[in-house]
Amino acid sequence: MSLTVNAKILGTGSYLPEKLLTNADLERLIDTTDAWIVERTGIRERHVAADNEFTSDLAKVAAERALQAAGLSANDVELIVLATTTPDRVFPSTACLLQNKLGMTNGAPAMDVQAVCSGFVYALSTANAFIRSGQVKTALVVGAETLTRITDYTDRGNCMLWGDGAGAVVLGATSTEAGIISTHLHADGRYEEMLFVEGGGTCGLGQSPKMRMQGNSVFKMAVNTLDAIVDETLQANGLSKSDIDWLVPHQANKRIIDATAKKLEMPTERVILTVAEHGNTSAASIPLALDVGVKDGRIQRGELLLMEAFGGGFTWGSALVRF
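To convert, note that position 285 of the sequence shown is 288 in the numbering used here; the numbers rise steadily by one, no gaps.
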């Protein structure tokens, strides 16, 4: 009788650029106030990559820290899945650039996943499938973004949201109950005009890429969709709300996170919140928040985590993990 193979999180890591952009800094750029930003988003500051820092550079530091936490070297990794919406180049993939920067020479496959803010959940699900099928035993999953490079700082409605950063986890095959229990992924491309990047692709050649968002519409859609993904995840695993130890959500907006926590009947102290310090780092936000919760000792081995995200596409998804 064969044993069930699970993908267990062996180590976590993260990296935030040194430069800070505070709400006070934004007050000098646009017609806004710290109070207005905090009331609507919960964000107080965000990190900005240096001119010579690229998405792969942020990913490298986060990955190295995750590998160190897992007690592994880069050449122990048999798969890299990197989630980003701000790649260094059109190609090669940022995952391949990361592989080179890590000094990997073992020929392990490396690929990017593009699902915007849901990217890390998509990447985690992809790596989990590789491990559960027996194709690999160890995977590096990274979410990394330099969103400030595509932020329009004349757009008062959303420029205060975005920050740069990277988070990573190392997954390893295990026959124990710990690991990724289930993932749930969805997309609906009919809503592309509510949240998108203008320019930068083949339909916008010559245009400098900038994010555009219909904030109120996205907010409503996100709250309703995340409500549904919470129900779907619990029902699929025969769980009740009280079984979840920690909510580790995408850090888009504190009001959206509060709504999800309320749905789970989960007190604030059981939610990992980093949005005030990180802003919205898209695919990097969940692994960044996870690493914060692990490193400060709140998240303990054996506890049940619910990760969930909603992003442009629209895409959305969840991952239920026994840490």
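For each residue, glycine too, the CB sits at the ideal point set by N, CA and C.
Between the options, which has its C-alpha nearest residue i's C-alpha?
i, options, result
"K2", "D234, K213, G45 and V251", "Beyond the ends of the chain as shown, which are 4 and 326, falls residue 2; an answer cannot be given."
"V124", "N161, G320 and G160", "G320"
"L29", "A322, V41, I260 and A312", "V41"
"L291", "T36, I302, L19 and A52", "L19"
"D331", "A113, V119 and Y156", "Nothing can be reported for residue 331: it is not among the residues displayed for the chain, which extend from 4 to 326."
"L293", "M310, T177, L85 and Q217", "M310"
"A181", "L32, T151, K266 and L307", "L307"
"S59", "K11, G14, I134 and G168", "G168"
"F317", "L276, F222, I247 and I260", "F222"
"W249", "G203, V200, F199 and Q303", "Q303"
"Q238", "R47, R215, P252 and L267", "L267"
"N227", "A65, I260 and R301", "I260"
"A190", "A118, K11, S17 and V274", "A118"
"A264", "A27, A231, G315 and C206", "A231"
"M163", "R47, A312 and N9", "R47"
"G203", "T89, L101, Y194 and P270", "T89"
Just to check my reading of the structure: residue i and residue j have Cβ atoms closer than 8 Å, yes? What is that Cβ distance to the nearest angstrom?
i, j, result
"A62", "L70", "No, A62 and L70 are not in contact; Cβ-Cβ is about 12 Å, not under 8 Å."
"A52", "T149", "5 Å"
"R49", "L24", "5 Å"
"I289", "N240", "Wrong, their Cβ atoms sit about 19 Å apart, outside the cutoff."
"V80", "A142", "7 Å"
Give me the DSSP bridge partner(s) of residue i.
i, result
"S17", "G170"
"R49", "L24"
"R215", "F199"
"P95", "For P95, which the question treats as bridged, DSSP gives no partner whatsoever."
"W319", "H189 and F313"
"M114", "V84"
"E148", "G168"
Taking Cβ positions, are residue i and residue j nearer each other than 7 Å?
i, j, result
"L82", "A111", "yes"
"N262", "L127", "Note on identity: in this sequence residue 262 is Ala, with Asn being the wrong assignment. In this structure, L127 does not lie closer than 7 Å to A262 by Cβ."
"G170", "A279", "no"
"G122", "A147", "no"
"G14", "A73", "yes"
"A98", "D115", "yes"
"N256", "T44", "yes"
"I153", "M197", "no"
"V145", "I12", "no"
"H187", "T236", "yes"
"V297", "I275", "no"
Is it buried or exposed for residue i, if we count other Cβ within 10 angstroms and need 16 for buried?
i, result
"G175", "buried"
"F326", "buried"
"M4", "The predicted position of M4 is uncertain, since its pLDDT is 42 and thus under 50; a value taken from the coordinates is nonetheless stated next. So M4 ends up on the exposed side."
"L208", "exposed"
"S285", "buried"
"Q138", "exposed"
Counting only beta-carbon separations shorter than 7 Å, does residue i have a partner in chain C?
i, result
"N240", "This model lacks chain C altogether, as it is built from one protein chain only."
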